[in-house]
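Here the sequence shown stands for residues 1 to 61, where the numbers follow the working numbering.
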Amino acid sequence: MQIDIEQVLKTVRARLEVMMRMRILKCKEPKRCREDFGKPLDERIRGMSIPELSDLCGRGS
1 MQIDIEQVLK TVRARLEVMM RMRILKCKEP KRCREDFGKP LDERIRGMSI
51 PELSDLCGRG S
């Protein structure tokens with residue numbers, strides 16, 4: 001099975017955006033947020049491990 005990296009990234013980005021929005025709603029006080037909260041999505045994706053990425057992708061399928 002070939003993994004289409006672009007497709008994976010699109011999926012991950014979409015999931016992360018949703019998660020970020022939900023977290024932003026919960027996170028009314030920015031001081032309580034984690035350090036990487038404001039990081040661009042791509043940077044955040046690059047910092048993730050493969051299991052984290054596959055977890056993100058596997059959740060919605």
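Ideal Cβ placement from N, Cα and C applies to all residues, glycine included.
Secondary structure of residue i, DSSP reduced to three states
i     : result
ILE3  : coil
SER61 : The predicted model places SER61 with a pLDDT of 41, which falls under 50 and marks its position as unreliable, so this point remains unresolved.
Exposure of residue i, with buried meaning 16 or more beta-carbon neighbours within 10 Å
i     : result
VAL18 : exposed
Reference residue i; option with closest CA among the options
i     : options                : result
ARG46 : VAL12, MET22 and ARG21 : VAL12
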